[in-house]
Amino acid sequence: MIRYILSRIAIAILLLLGLITLSFGLVSLLPGNPAVALLGDYATPADIARINAQLGLDKPFLERYLDYMGRTLNGDLGHSFFTGSSVSGEIWTRLPNTLVYLIPGLILALLIGMGMGTLAAYRYGRGADKAFTAGVSILMAMPEFVLGLLLLFIFYQQLHLAPAPLGMLSSSDIPPPKVTGSVALDAVIAGQWSAVQSIMGRAALPIVTMGLFFAAPFGKTVRTGLLQILNSPQIEFARACGLKPFQVFRYALSDVRGTLMTYMVLLFAAALSGAAIVESVFSWPGVGGWSLDGVLKGDVPVIQGFVLIMGATSLLGYVLLDTLITLLDPRTRGNILRKARKPSKLRPAAPGPVPAPTAGSAPTAGPKN
Amino acid sequence: MSIQGLPRTSPGLRVTQWARRGQTLLFNRSNTIMVALAVAIVVGLPLMAMFAPLPHDPLQPDTDAIGIAPGGTHWFGTDGNGMDVFSRTIEAAKLDLPVALAATALSLVVGVPLGLFATSGKLGDTIMRVIDAFAALPIIVIAVVSIKLLGGGATDVVLAIAVVAAPRFVRLSRAAAMALRSARYVEAAAAIGCSPLRIAFNHVFRNAYGVVLVQATLTAANALGTIAALNFLGVGVKPPTPTWGAMINDGASMLIRGEWWAAAFPTLAMLLAIGSLNVIAGAIETKIERVERAR
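Respectively, the protein sequence lines represent chains L and Y.
Heads up, the first sequence is in full-length UniProt numbering, so the first residue is 1 and it goes up one at a time.
Heads up, the second sequence is in full-length UniProt numbering, so the first residue is 1 and it goes up one at a time.
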């Protein structure tokens with residue numbers, strides 16, 4: 001098993017190198033000269049040449065690539081063309097701001113999804129299930145920003161419960177002393193509970209937006225998984241043994257666990273990359289809005305840095321996921337020991353339709369043997 | 001444990017026949033009326049934008065009528081620039097729906113053959129690794145970067161969305177090919193010497209196209225949302241051109257002041273289109289299930 005985990009890590013490292021190459025290649029192809037963008041349309045050729053030399057853009061392609069690879073592996077992501085601030089520094093101060101609403105949002109989504117999905121599975125075909133299915137289709141059809149705007153309209157404009165969508169701190173809050181660079185962490189460290197409270201109050205609507213948006217896929221997965229397992233022999237047996245409903249539910253849930261964890265990682269990656277949308281609705285000073293700004297301006301190091309960090313985070317998530325699933329699910333371990341099994345030669349092939357992956361891309365990080 | 005504690009799926013506790021028939025009539029996704037309505041919306045909205053006379057010029061700002069509430073002359077009100085929301089909402093369908101459908105078609109054309117042939121061999125493995133790497137990249141960022149890369153017109157949005165959506169079809173058709181490749185008839189076809197191309201399309205794909213079609217419809221619905229999200233962020237659209245996403249972005253600031261119409265109507269139109277596509281997908285799915293059961 002250790003060998004399996006090590007092989008996953010090795011693959012992840014290779015993918016990371018590929019990702020660095022890809023982010024370099026993708027961005028090098030951007031049209032327009034950054035020097036022209038930086039200086040405006042009236043720049044003299046001499047100025048452009050000077051800026052190009054300053055940014056290292058006059059060197060040949062291969063040299064730039066090797067240089068970039070070396071710097072990136074050392075953890076230096078370069079400096080923004082426009083503001084001159086260090087990209088890795090920016091990411092370190094902004095990523096916590098994004099995580100402040102993203103992680104609670106995903107946990108909220110998991111809770112809502114599990115609760116609703118379980119209810120729907122247990123009351124299959126009845127009112128609660130019908131309502132759940134309808135709710136899921138409505139939520140699935142709703143893009144994130146629509147949900148965010150709807151919540152804003154209801155809770156800020158109509159009910160006056162939520163604060164205005166103007167970032168993390170209001171102008172009346174005293175920003176905490178700078179220690180780590182991220183406002184939320186600093187406030188906790190400095191013990192400024194009023195600032196923490198303010199941040200939490202402002203984060204409430206983004207959290208609910210995330211929670212509702214991602215609850216639908218979770219709920220759907222839980223419902224489908226539980227429906228299958230509730231009709232399976234092992235649950236029938238558990239019931240026949242006279243286990244309490246709660247215990248039966250626990251056994252049923254342990255079967256859905258793997259899929260749920262896969263979803264958690266997939267959705268985390270999706271949420272990070274979609275952070276720009278929520279952040280632009282709520283004017284949140286996170287990593288998403290910053291990267292979008294960089295992309296729109298053609299700020300090459302910012303784009304590269306963002307693509308890399310997002311990709312690396314997802315890869316890390318996949319490796320953790322594979323490890324966890326192998327640890328938790330004995331069935332996958334058996335497959336590794338038996339090594340590569342010839343697919344579908346043993347089983348009679350089912351000519352039925354293949355179950356379509358529900359949301360977004362199919363789980364990529366499932367146990368592959 | 002009591003009878004009530006058992007799930008409804010246990011045999012003997014199912015809904016009775018007449019109750020189910022009633023439910024089918026009310027809730028069934030393949031309800032003919034619903035499907036007809038859905039198709040009418042998806043096909044009709046762009047046609048209406050192209051051929052029907054709009055009450056106002058969707059691009060003409062009227063400085064005397066800024067932020068007017070819905071009423072007699074302006075059915076859906078006017079936005080912050082004084083442009084008629086109704087005309088713009090309809091006009092936007094001309095761009096949004098065809099772009100979403102074209103992107104889906106393109107990703108189908110690219111993704112399905114890749115998936116059908118990526119089942120085995122070094123090349124297949126390589127293709128799947130590349131697809132995995134793509135899945136690790138942030139979707140919106142790929143879309144934004146590629147639109148930026150290409151210049152930023154409607155065709156570039158099509159390409160970007162297709163790039164984002166194609167991996168899904170690769171996976172799906174690959175899964176189908178994997179499941180079907182040891183089926184009797186596929187083995188028979190190979191035994192009598194059919195070419196791989198013929199097997200892939202005539203034998204494997206023909207038996208899996210339903211799933212792909214359902215996924216394609218869902219992808220189109222998804223693409224509508226993604227396009228709107230991109231336009232909402234200001235990518236892939238030039239300001240006066242109306243698209244639902246851009247209109248929602250314009251209306252957002254009015255929404256916060258309490259003037260809901262400029263954002264609400266494009267949102268409704270978009271949700272209507274997405275919902276219609278979902279209904280169509282559901283209907284196709286039910287149809288396939290019925291065919292499968294009849295076999």
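We put the CB at the ideal spot given by N, CA and C, even for glycine.
Measuring CB to CB, does residue i end up less than 8 Å from residue j?
i, j, result
"L/A141", "Y/G275", "yes"
"L/A109", "L/M210", "yes"
"Y/I199", "Y/A190", "yes"
"L/L267", "L/A252", "no"
"Y/A118", "Y/V170", "yes"
"Y/P196", "Y/R88", "no"
"residue 328 of chain Y", "Y/A165", "A question about residue 328 of chain Y goes unanswered here, because the residues of chain Y that appear run from 1 up to 295."
"L/N97", "L/M168", "yes"
"Y/M270", "Y/L224", "yes"
"Y/V112", "Y/V39", "no"
"Y/L172", "Y/L97", "no"
Output the distance between the C-alpha atoms of residue i and residue j, rounded to the nearest integer angstrom.
i, j, result
"L/S23", "L/R94", "20 Å"
"Y/E285", "Y/Y209", "11 Å"
"Y/V279", "Y/L101", "16 Å"
"L/G105", "L/K244", "32 Å"
"L/L77", "L/I91", "10 Å"
"L/P233", "L/T259", "20 Å"
"L/L166", "Y/K94", "34 Å"
"L/K339", "L/I5", "Its pLDDT being 49, under 50, L/K339 is placed unreliably in this model, and the value from its coordinates should be taken loosely. Distance between the alpha carbons of L/K339 and L/I5: 14 Å."
"Y/L108", "Y/V157", "16 Å"
"L/A10", "Y/E289", "42 Å"
"L/S314", "L/I154", "34 Å"
"L/L159", "Y/W261", "18 Å"
"Y/F86", "Y/H74", "7 Å"
"L/A215", "L/A203", "18 Å"
"L/F145", "L/S283", "12 Å"
"Y/A52", "L/A121", "47 Å"
"Y/L114", "L/A238", "45 Å"
"L/Y124", "L/G289", "42 Å"
"L/A271", "L/S198", "23 Å"
"Y/A263", "Y/G67", "12 Å"
"Y/K122", "Y/L116", "14 Å"
"Y/T32", "L/G311", "44 Å"
"L/D299", "L/A128", "50 Å"
"L/S139", "Y/A294", "For clarity, residue 139 of chain L is Leu in the given sequence; the question names Ser instead. So the two alpha carbons sit approximately 33 Å from each other."
"L/A162", "L/L149", "12 Å"
"L/Y156", "Y/R257", "10 Å"
Can you pull the chain Y neighbours of residue i, defined as C-beta to C-beta under 7 Å?
i, result
"L/P143", "G225, A228, A229"
"L/L17", "Going along chain Y, no residue has its Cβ under 7 Å from L/L17, so there is no contact; the nearest lies around 11 Å."
Reducing DSSP to helix, strand and coil, say where residue i ends up.
i, result
"Y/T119", "coil"
"Y/H203", "helix"
"L/S80", "coil"
"residue 375 of chain L", "Chain L is shown only over 1 to 369; residue 375 of chain L falls outside these bounds and no answer can be derived."
"Y/A63", "Note on residue identity: the sequence assigns Thr, not Ala, to residue 63 of chain Y. Three-state result, Y/T63: coil."
"Y/T243", "coil"
"L/S198", "helix"
"Y/S195", "coil"
"L/S291", "helix"
"Y/D96", "helix"
"L/S85", "coil"
"Y/T78", "strand"
Between the Cα of residue i and those of the options, spot the shortest distance and give me the residue it belongs to.
i, options, result
"L/L17", "L/L6, L/I325, L/L149, L/I309", "L/I309"
"L/G84", "L/P330, L/T224, L/I325, L/P301", "L/P301"
"L/V87", "L/T262, L/Y101, L/R71, L/A134", "L/R71"
"Y/I41", "Y/A281, Y/V291, Y/G282, Y/L272", "Y/L272"
"Y/V35", "Y/G282, Y/A105, Y/E292", "Y/G282"
"Y/F232", "L/D47, L/M114, L/P143", "L/P143"
"Y/L230", "Y/V212, Y/L277, Y/A160", "Y/A160"
"L/G305", "L/V136, L/G317, L/V287, L/L320", "L/V287"
List the residues of chain L that residue i touches, going by C-beta distances under 9 Å, in chain order.
i, result
"Y/A200", "Within 9 Å Cβ-Cβ: nothing; Y/A200 doesn't reach chain L, min ~15 Å."
Please compile the residues from chain Y whose C-beta is within a distance smaller than 9 Å of the C-beta of residue i.
i, result
"L/L152", "A252, L255, I256"
Residue i versus chain L: which residues are under 7 Å apart at the beta carbon?
i, result
"Y/A263", "L149"
"Y/N31", "Neighbours of Y/N31 on chain L: none; closest Cβ ~14 Å, over 7 Å."
"Y/I274", "A141"
"Y/W260", "F153"
"Y/T267", "V146"
Name the chain L residues that come within less than 8 Å of residue i, Cβ to Cβ?
i, result
"Y/A221", "A141"
"Y/I248", "F145, V146, L149"
"Y/L271", "A141, M142, V146"
Applying a beta-carbon distance threshold of less than 8 Å, which residues of chain Y neighbour residue i?
i, result
"L/I277", "I140, A229, F232, L233"
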